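Using UniProt numbering, you'd call the opening residue of the sequence shown number 1 and step up by one each time.
Using N, Cα and C, we set each Cβ at its ideal position, and we do this for glycine too.
As the structure is a prediction and not an experimental result, all values here were calculated from the model.
What follows is a set of notes on a single structure, which appears directly below.
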Amino acid sequence: MSWRNYTVRFTNVGWYPYVDILRDNFGRKTLTGLTGHMLHFIIGSMDMKYDVVFPNDRQWGTLLPNGSWTGMIGDLTRNYADIAVGPFVMTQDEAAVAIPSLPYADEDLVILSGVDKEHESNVYGYITTMDYQVWLLLLGSCLFIMGVVGIMDLHTNPYMTRRQRRYRFWRIFWVYWAAVFFEGSVIHFHSHTHRILLASWLLGVMVIMHMFVGYMESTLMVKSETFRINDVEELLERPKIEPMIYEVGGYSSIFENTESDTFRRVMQQVRKHGRSAYGDEMFTPDSLRRILDRKAVILMEPLSLHTRVGSQCDQFKGEGLFHISKQRLLQIKMVFYMRRQLDRKIQIEIQKRLRFIIDSGIFRHWHNTLVIDKGACWTVERSDHMHDYEDLHYSDLASIFYFYFAALYMSFNVLVIEILYRRGYCCCKYYPPDKVAEKEEKRRIIERMRAEGAASAIPSSWLEDIAMPSNSETTRDEVTDLLTPRSAKARRERRGGKTHVTVLSATGQCRHDRPISSYEAHATVGPEVVPNGRIASTEAEYPEEPVYGQISDETVEETAGKFIKTHSGWAAGDGKSSML
1 MSWRNYTVRF TNVGWYPYVD ILRDNFGRKT LTGLTGHMLH FIIGSMDMKY DVVFPNDRQW
61 GTLLPNGSWT GMIGDLTRNY ADIAVGPFVM TQDEAAVAIP SLPYADEDLV ILSGVDKEHE
121 SNVYGYITTM DYQVWLLLLG SCLFIMGVVG IMDLHTNPYM TRRQRRYRFW RIFWVYWAAV
181 FFEGSVIHFH SHTHRILLAS WLLGVMVIMH MFVGYMESTL MVKSETFRIN DVEELLERPK
241 IEPMIYEVGG YSSIFENTES DTFRRVMQQV RKHGRSAYGD EMFTPDSLRR ILDRKAVILM
301 EPLSLHTRVG SQCDQFKGEG LFHISKQRLL QIKMVFYMRR QLDRKIQIEI QKRLRFIIDS
361 GIFRHWHNTL VIDKGACWTV ERSDHMHDYE DLHYSDLASI FYFYFAALYM SFNVLVIEIL
421 YRRGYCCCKY YPPDKVAEKE EKRRIIERMR AEGAASAIPS SWLEDIAMPS NSETTRDEVT
481 DLLTPRSAKA RRERRGGKTH VTVLSATGQC RHDRPISSYE AHATVGPEVV PNGRIASTEA
541 EYPEEPVYGQ ISDETVEETA GKFIKTHSGW AAGDGKSSML
């Protein structure tokens, strides 16, 4: 059948890239764009002519309260046109008054938002490499192990004052916590249980912190993406952002007539900002700058966004980047509408040729090759981050300086608090250590150590400040026990016309210019007593020159006996000596 003399009337307001109109020098109109080209070929293949008219109100089509339609749909109902080019999103109201074509394009409804830049540096990435749960677990484990070590220390070394226990408690804590940051500490654990526990902690910390270092290095080398809106939930979480919906083509009807609770909430957020839909003013430079400032977003299909926004990229150089959400809101069907009274055979033929174009893939080829250069104002979507390398800037390492200044600030505040506390300012009262109570505690511990046979382990620093009473039997036993032929040596020298004898233990020489420790013993004879009981000397039958050598058991017994006998005042506890 031939429709050579038949002219089809198209009504259109133009929407690039789907439809545009070119006029030649003779005033003839030609449809261009995706939908325009397709209809141009279909009508030309049917050997028909076409003309393009424009709605008087320049609208797409809105249903009025009285049941009439405006725009292109109104032209169809009033027989002003045969085909409304659109493109339209097929809706129930429009399909009730016009014949929709086959859906020739499936488009995704997405969100256009703005970002400052492609990548960002996380200044707290050194800490957030591991989440707070890992850090809390590390701290909790350290405190737990510290408690276990404290209990073990109490069992293995019961002769400590409260002050010493507090000091050792915190000493152990910093040893374990410093290991988290690969900081070495000097501490001696004589118990194998302590050593096994410390080795287990170091092994676990080594694994965790090497993972931490690896992730931290990757954070520095590979940049993370800046935050961008990728789904409707992220949009709804930011009520200050205004969603802008195109008022034509059925976009607004999707949100107004939907049964989805999410879309209803989107529409409520749209109305909250004072408008329900927008027209071409969405793509003015001022509106697009609102998107870059993260004050608004546009809900539309990607092809229109790329063509309408990409052509203006040069105006926004350095102001930010546009981003299209990765997740679609829904898939929409693009159609055009035909007048119901149009010849039925023409309708069938148009639908059949439209099917040929869709099945052949021609339209999809046009769709994919229409936009070759989107412009330089878009974020880059990649499946991996192998190309996200950038040089390190100050923002990448700023957290180190932030932490440094924060530590200085905290240290200064602690210093001020300590000064105020020491001087009793600002309702602070300083309680100095009770030295009398501490000496009394040391005295009790020394008595217990002697009673339990651990007198040799009494710290010399305790004996310097505390004059402990003793008896001759205890003194003789201790001196004799320390001065054995296998572990002791005697030094003899002539000073001031007298021979001085100094007995050296296995732990080293005990001289008159240092206090007596619990691991050293001095046995000298004679009436001369050095102040504080550190050295005593007397005349003896020894060679004139200094001699170093082993001494016999008899010498030890004799020397110790003379020591006890000569200095019986010490044994009586007259306070002149603190040797024992």
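Exercise for the section: Measuring alpha carbon to alpha carbon, tell me which of T11, M410 and Q59 ends up nearest Y80. Expected result: T11
Practice task
Would you decide whether M267 is buried or exposed? Buried here means 16 or more other CB atoms lie within 10 Å of its CB.
Solution key: By the neighbour-count rule (16 or more Cβ atoms within 10 Å), M267 is buried.
Practice task
Using three-state DSSP, classify E183 as helix, strand or coil.
Solution key: coil
Problem - Below-7 Å beta-carbon distance, G140 vs any chain C residue - result: Annotation note: the requested chain C is absent from the structure, which comprises a single protein chain.
Problem - The alpha helix (DSSP H) enclosing F300, as first and last residue numbers - result: The residue asked about is misnamed: residue 300 is Met in this sequence, not Phe. Segment A296 to M300 is the beta strand (DSSP E) holding M300; no alpha helix (DSSP H) there.
Problem - Cβ contact (3+ pairs, closer than 8 Å) linking the stretch 321-333 and the stretch 63-83 - result: no
Practice task
Determine the closest residue to A84 out of D359, Y337 and F405, with distance taken between C-alpha atoms.
Solution key: Y337
Practice task
Kindly indicate the opening and closing residues of the beta strand (DSSP E) around A455.
Solution key: Neither: A455 is in no beta strand (DSSP E) and is coded neither H nor E.
Problem - Same chain, Cβ closer than 7 Å to Q347, five either side skipped, listed in chain order - result: I99 and M338
Problem - Nearest neighbour of P55, chosen from S252, G86 and G67 [CA to CA] - result: For P55, the closest alpha carbon among the candidates S252, G86 and G67 is that of G86.
Practice task
Locate the alpha helix (DSSP H) running through K374, then write down its first and last residues.
Solution key: Here K374 belongs to no alpha helix (DSSP H), and DSSP marks it neither H nor E.
Handout entry: Pair within 7 Å by beta-carbon distance, C142 and W177
Key = yes
Practice task
Would you mind stating whether Y104 and F363 have Cβ atoms separated by less than 7 Å?
Solution key: Yes; because the gap between Cβ atoms is below 7 Å, this pair is in contact.
Problem - Helix, strand or coil at H306 according to DSSP, with G and I counted as helix - result: H306: helix per DSSP, three-state reduction.
Problem - CA-to-CA distance, L154 to F144, given in whole angstroms - result: 15 Å
Handout entry: Euclidean distance between Cα positions of P243 and L64
Key = Answer to the nearest angstrom: the Cα atoms are 24 Å apart.
Exercise for the section: Assign V52 to buried or exposed, taking buried as 16 or more other Cβ atoms, counted over all protein chains shown, within 10 Å of its Cβ. Expected result: Flag for V52 reads buried.
Practice task
Compare the beta carbon distance of R328 and V89 with 7 Å and say whether it is the shorter of the two.
Solution key: no
Practice task
Mind reading off the beta-carbon distance from W3 to M48? Whole number of angstroms is fine, and I expect it under 8 Å.
Solution key: 5 Å
Problem - Reduced DSSP secondary structure (H/G/I, E/B, other) of W69 - result: strand
Problem - C-alpha gap between G71 and L235, whole angstroms - result: Rounded to the nearest angstrom, the two C-alpha atoms are 32 Å apart.
Exercise for the section: Can you have a look at A179 and say buried or exposed, based on whether 16 or more other CB atoms are within 10 angstroms of its CB? Expected result: buried
Problem - Selection from Y215, V134 and Y159 that minimises the alpha carbon distance to G453 - result: Measuring from the Cα of G453, the nearest candidate turns out to be Y159.
Practice task
Indicate the three-state DSSP secondary structure (helix, strand or coil) for P87 in the structure shown.
Solution key: strand
Problem - DSSP three-state assignment for P285, whether helix, strand or coil - result: helix
Exercise for the section: Determine the closest residue to I446 out of G214, V436 and I458, with distance taken between C-alpha atoms. Expected result: I446 has its Cα closest to that of I458, out of G214, V436 and I458.
Problem - contact_flag[the stretch 305-313, the stretch 365-376] where n(CB pairs < 8 Å) is 3 or more - result: yes
Problem - Buried versus exposed call for W462 [16 or more other C-beta atoms within 10 Å across all chains shown] - result: buried
Practice task
Look at the Cβ atom of L292, then the Cβ atom of E259, and state whether they are nearer than 7 Å.
Solution key: no
Handout entry: L22 in three-state terms, based on DSSP
Key = strand
Practice task
Quick one: which unbroken alpha helix (DSSP H) runs of 4-plus residues sit fully inside the stretch 235-260? Chain order, please.
Solution key: 251-256
Problem - Element boundaries [alpha helix (DSSP H), containing K352] - result: Where K352 is concerned, the enclosing alpha helix (DSSP H) stretches over R344 to S360.
Handout entry: Contacts around W135, its chain only, beta-carbon distance under 7 Å, and the 5 residues preceding and following it disregarded
Key = none
Problem - Distance, R340 Cα to V8 Cα - result: 14 Å
Exercise for the section: Kindly indicate which residue of K352, I196, M449 and R289 has the alpha-carbon position closest to the one of S113. Expected result: Among K352, I196, M449 and R289, the Cα nearest to that of S113 is on R289.
Handout entry: Three-way DSSP call (helix, strand, coil) for K435 in this model
Key = helix
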